[in-house]
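Enquirer:
Numbering (the working numbering), first residue to last: 47 to 146.
What follows is the structure in structure tokens.
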């Protein structure tokens with residue numbers, strides 16, 4: 047079963063922490079911040095993804111839909127979508143099986 051991972055970022059901390067382990071799974075880092083996307087573009091194993099969403103919940107949903115539209119996520123594959131909120135001590139992980 048194929049897996050994909052994705053995280054939503056304002057500052058890119060989660061993506062940088064994950065990239066440190068050089069995961070064998072494709073890893074997409076989504077953000078609406080162009081500066082963050084440029085920073086992530088040079089990090090090994092991260093594929094930056096531009097989203098329009100202004101908050102994390104919308105960002106997770108938009109990232110999921112974008113991965114499907116781009117053909118990066120296919121029916122039956124598992125996507126791990128994660129986001130952190132800097133102002134709060136909270137980190138959320140959402141695991142979904144792709145349904146087209």
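Backbone N, C-alpha and C fix where the C-beta goes; we use that ideal spot for every residue, glycine too.
May I ask you to report which of helix, strand or coil DSSP gives residue 96?
Expert: Correct three-state label for residue 96: strand.
Enquirer: Rank 86, 66, 121 by C-alpha distance to the C-alpha of residue 74 and give the top, closest one.
Expert: Considering only alpha carbons, the answer is 86.
Enquirer: Using three-state DSSP, classify residue 103 as helix, strand or coil.
Expert: In this structure, residue 103 counts as helix in the three-state DSSP scheme.
Enquirer: Give every residue of the same chain whose Cβ lies closer than 6 Å to the Cβ of residue 143, excluding the five residues on either side of it in the sequence, and list them in chain order.
Expert: So the qualifying residues of the chain are 124.
Enquirer: With H, G and I counted as helix, E and B as strand and the rest as coil, what does DSSP make of residue 116?
Expert: Coil at residue 116, not helix or strand.
Enquirer: For residue 63 and residue 121, I'd like the C-alpha separation in whole angstroms.
Expert: Taking the straight line from one Cα to the other gives about 28 Å.
Enquirer: Can the beta-carbon of residue 108 be found closer than 8 Å to that of residue 99?
Expert: A contact, by the Cβ cut-off of 8 Å.
Enquirer: Does at least one heavy atom of the ligand ATP sit under 7 Å from the Cβ of residue 90?
Expert: As for the ligand ATP, it is missing from this structure, which has no ligand bound.
Enquirer: Do residue 96 and residue 83 have their C-beta atoms within less than 8 Å of each other?
Expert: The answer is yes: Cβ separation under 8 Å.
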